[in-house]
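>
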Amino acid sequence: MAKRDYYEVLGVSKQASEQEIKKAYRKLAKQYHPDLNKSPDAEEKFKEINEAAEVLLDKDKKARYDQFGHAGVNGSAGFNGFSGFEDIFSQMNSGAGSFFGDIFNDFFGSQRSTYQRAVKGESVKVEMYLSFKEFLFGVDKILELRLLSNCLACHGSGAMTLNDIVQCQRCYGSGQINIQRNMGILQFQQSATCPDCHGEGKIIKNKCKECNGKGHYYAKQKIEVNIPKGIRPGQQIKLANKAHASLNGGANGDLYIDILLKESKVFEIINNVDLKMIWNVSYIDAILGNEISIKTLDGDVKVKLPKGINSKETIRISNKGLFKQINKDKRGDLFIEINIAVPRTLSKVEKELIESLSKTTAFKPTNLVE
Numbered sequence: 001m002a003k004r005d006y007y008e009v010l011g012v013s014k015q016a017s018e019q020e021i022k023k024a025y026r027k028l029a030k031q032y033h034p035d036l037n038k039s040p041d042a043e044e045k046f047k048e049i050n051e052a053a054e055v056l057l058d059k060d061k062k063a064r065y066d067q068f069g070h071a072g073v074n075g076s077a078g079f080n081g082f083s084g085f086e087d088i089f090s091q092m093n094s095g096a097g098s099f100f101g102d103i104f105n106d107f108f109g110s111q112r113s114t115y116q117r118a119v120k121g122e123s124v125k126v127e128m129y130l131s132f133k134e135f136l137f138g139v140d141k142i143l144e145l146r147l148l149s150n151c152l153a154c155h156g157s158g159a160m161t162l163n164d165i166v167q168c169q170r171c172y173g174s175g176q177i178n179i180q181r182n183m184g185i186l187q188f189q190q191s192a193t194c195p196d197c198h199g200e201g202k203i204i205k206n207k208c209k210e211c212n213g214k215g216h217y218y219a220k221q222k223i224e225v226n227i228p229k230g231i232r233p234g235q236q237i238k239l240a241n242k243a244h245a246s247l248n249g250g251a252n253g254d255l256y257i258d259i260l261l262k263e264s265k266v267f268e269i270i271n272n273v274d275l276k277m278i279w280n281v282s283y284i285d286a287i288l289g290n291e292i293s294i295k296t297l298d299g300d301v302k303v304k305l306p307k308g309i310n311s312k313e314t315i316r317i318s319n320k321g322l323f324k325q326i327n328k329d330k331r332g333d334l335f336i337e338i339n340i341a342v343p344r345t346l347s348k349v350e351k352e353l354i355e356s357l358s359k360t361t362a363f364k365p366t367n368l369v370e
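Residue numbers (the UniProt record's numbering): 1 to 370.
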């Protein structure tokens, strides 16, 4: 049976532009693709459409066809001699032509190319130590990290200009090539990363001088971190998209900050939300029950001592502990353990006064024998 005119097959005129031919091919290929069209003649029509498009979208073949007709392209059309639909399917899937590969992707959402899949940048985890006061009231911190960053000169493209980025001619932009292997009468096809573009699907003609064509480099970055009041030691803060840049246009990785407590010689946490501290009190203040000033995380607080308070006894100050929830106002309590500070050295006058007091009943402790 005589072959139909290729222009007639695609329904275009001989004066049709490349874009018009592509548009017609897309429409017909989708209409007659055997996976989408179950009619008996769909496969043959699909092969005919592909054969016509292969010739008319190739400048050399089109020129020979326009001058000599089918005789000018005999042996070159028809997807390089593959006869069955499975062979056409295989060649299209291999990315033998960028346009045909695009059509295949349109139908089936193929993601063969590695450069087409945007991958999020690597995440980073760091530790940050805070004082008790910073835990209590929150604080703004600046982290300085060495992170992978997109090149500012080329905006991550790796090229001097966008016109310097061209499609790889070996894999036609797919990032993959097909390797054929023969085993006896059997022939196998195996996909491999394109060695010319290393799976990127593109070639950079003139590389950016700042990043040497990589599109990225390591640079120090200052990152603002807001620590909310009431955060707990051991909790983690996540800053989305604040870590390493993606290598192929994806979002930056995430920054995870483990919040840890600096060692303190004054405060300790008890009951999860309460604070405890030791406060030295003079012998006289303890005996007389004087009012004293205690330095807390909230500042100086006046406290009236019970008369005759002893070491190891505690005083409770309500609502001066840690916040019970992040950014909430309810707080735990502050427990103050009293330590009576006994002077190690006395003047002659002080010693005489103490000795005179020691003879009084109040200064003679009573001990149980049994």
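Each residue gets a CB set at the ideal place from its N, CA and C atoms; glycine is no exception. Just so it is clear, the structure is predicted and the values come from calculations on it, not from any experiment.
State the DSSP-derived secondary structure class of A16, mapped to helix, strand or coil.
Here residue 16 corresponds to residue number 16 of the sequence shown, with the count starting at 1. Coil.
> With A219 as the anchor, note down where its beta strand (DSSP E) starts and where it stops.
Locating residue 219 in the sequence shown gives position 219, where the first residue counts as 1. Looking at the DSSP string, the run of the beta strand (DSSP E) that includes A219 is 216 to 227.
> Is it true that the stretch 337 to 345 meets the stretch 273 to 293, where meeting means three or more beta-carbon pairs spaced less than 8 Å apart?
yes
> Mark E144 as exposed unless 16 or more other C-beta atoms lie within 10 angstroms of its C-beta, in which case mark it buried.
Reading the sequence shown from its first residue, position 144 is the one you call residue 144. Looking at its Cβ environment, which holds fewer than 16 other Cβ atoms inside 10 Å, E144 is exposed.
> Using the Cβ count rule (16 or more neighbours within 10 Å means buried), how would you classify S13?
Against the sequence shown, residue 13 aligns to sequence position 13. Result: exposed.
> Going by alpha carbons, who is nearest to Q31 out of E291, K202, K120, I49?
The count along the sequence shown starts at 1 and reaches residue 31 at position 31. Taking only the C-alpha atoms, the option nearest Q31 is I49.
> Measuring alpha carbon to alpha carbon, tell me which residue in H244, L346, Q19 is nearest L56.
Taking the sequence shown and counting its residues from 1, the one referred to as residue 56 is at position 56. Measuring from the Cα of L56, the nearest candidate turns out to be Q19.
> Does DSSP classify I309 as helix, strand or coil?
Counted from its first residue, the sequence shown places residue 309 at position 309. Coil, per DSSP.
> Along the chain, where does the beta strand (DSSP E) that runs through V369 open and close?
Taking the first residue of the sequence shown as 1, we reach residue 369 at position 369. Where V369 is concerned, there is no enclosing beta strand (DSSP E), given that its DSSP letter is neither H nor E.
> Take N302 and list the residues in its own chain whose beta-carbon comes closer than 7 Å to its own, dropping the five residues that flank it on each side.
Counted from its first residue, the sequence shown places residue 302 at position 302. Looking at the sequence provided, one finds Lys at residue 302 rather than Asn. Once the five neighbours on either side are set aside, the close Cβ partners of K302 are E291, S293.
> Quick one: Cα of K205 to Cα of G250, how far?
Position 205 of the sequence shown, counted from the first residue, corresponds to residue 205. Position 250 of the sequence shown, counted from the first residue, corresponds to residue 250. In a straight line, the C-alpha of K205 is about 23 Å away from that of G250.
> Would you tell me roughly how many angstroms separate the C-alpha atoms of A118 and V73, rounded to the nearest one?
On the sequence shown, position 118 is the one that residue 118 refers to. On the sequence shown, position 73 is the one that residue 73 refers to. If I take the Cα positions, the gap works out to 40 Å.
> At what residues does the alpha helix (DSSP H) containing N50 begin and finish?
Taking the first residue of the sequence shown as position 1, residue 50 is located at position 50. 42 to 56 is the span of the alpha helix (DSSP H), which, as asked, contains N50.
> Taking the alpha-carbon positions, what's the V349 to I278 distance?
Here residue 349 refers to the residue found at position 349 of the sequence shown. Here residue 278 refers to the residue found at position 278 of the sequence shown. Their backbone Cα atoms lie some 30 Å apart in a straight line.
> What is the DSSP secondary structure of Q169, reduced to helix, strand or coil?
Stepping through the sequence shown from its first residue, residue 169 is reached at position 169. Note: Q169 maps to coil in three-state DSSP.
> Where do the N-terminal and C-terminal ends of the alpha helix (DSSP H) with A240 fall, by residue?
Numbered from 1 along the sequence shown, position 240 holds the residue referred to as residue 240. Unbroken run through A240: none, as it is neither H nor E.
> For G97 and K242, I'd like the C-alpha separation in whole angstroms.
The residue given as residue 97 occupies position 97 in the sequence shown. The residue given as residue 242 occupies position 242 in the sequence shown. Residue placement at G97 cannot be trusted, given a pLDDT of 46 that sits under 50; what the coordinates show is reported in the next sentence. G97 and K242 have their C-alpha atoms some 39 Å from each other.
> By a C-beta neighbour count over all protein chains shown, 10 Å radius and 16 as the cutoff for buried, is K220 buried or exposed?
Stepping through the sequence shown from its first residue, residue 220 is reached at position 220. Classification for K220: exposed.
> Just curious, the beta strand (DSSP E) that V9 is in, first and last residue?
Locating residue 9 in the sequence shown gives position 9, counting from the first residue. Careful: V9 lies outside any beta strand (DSSP E), inside the alpha helix (DSSP H) at 6 to 10.
> Tell me the rounded alpha-carbon separation between I354 and G289.
As a working mapping, residue 354 is identified with position 354 in the sequence shown. As a working mapping, residue 289 is identified with position 289 in the sequence shown. Each residue's Cα considered, the two are about 18 Å apart.
> Can you look up K62 in the DSSP assignment and give me helix, strand or coil?
If you number the sequence shown from 1, residue 62 lands on position 62. Helix at K62.
> Please specify which runs of the beta strand (DSSP E), each continuous and at least 3 residues long, are wholly inside the stretch 280 to 368, giving them in chain order.
291 to 296, 299 to 304, 314 to 317, 334 to 341
> One question on the structure: do Q150 and H216 come within less than 7 Å of each other, judged by their Cβ atoms?
The residue you call residue 150 lines up with position 150 of the sequence shown. The residue you call residue 216 lines up with position 216 of the sequence shown. Correcting the residue identity first, residue 150 is Asn in this sequence and not Gln. Contact: yes.
> Where G213 and Q67 are concerned, what is the direct C-alpha to C-alpha distance, given to the nearest angstrom?
In the sequence shown, the residue the question calls residue 213 occupies position 213. In the sequence shown, the residue the question calls residue 67 occupies position 67. The straight-line gap from Cα to Cα measures roughly 44 Å.
> Can the beta-carbon of D140 be found closer than 7 Å to that of N226?
In the sequence shown, residue 140 corresponds to position 140, counting from 1. In the sequence shown, residue 226 corresponds to position 226, counting from 1. Yes, the Cβ-Cβ distance between D140 and N226 is below 7 Å.
> Which runs of the beta strand (DSSP E), 3 residues or longer, sit entirely within the stretch 230 to 276?
236 to 239, 255 to 261, 267 to 270
> Bridge partners for E140 per DSSP, in chain order?
In the sequence shown, residue 140 corresponds to position 140, counting from 1. Before going on, a small fix: residue 140 reads as Asp here, not Glu. DSSP, once it has assigned bridges, lists N226 as partnering D140.
> Give me the Cβ distance between N327 and P228, rounded to the nearest whole Å; I'm assuming they're in contact under 8 Å.
Here residue 327 refers to the residue found at position 327 when the sequence shown is read from its first residue. Here residue 228 refers to the residue found at position 228 when the sequence shown is read from its first residue. Confirmed, Cβ separation roughly 5 Å.
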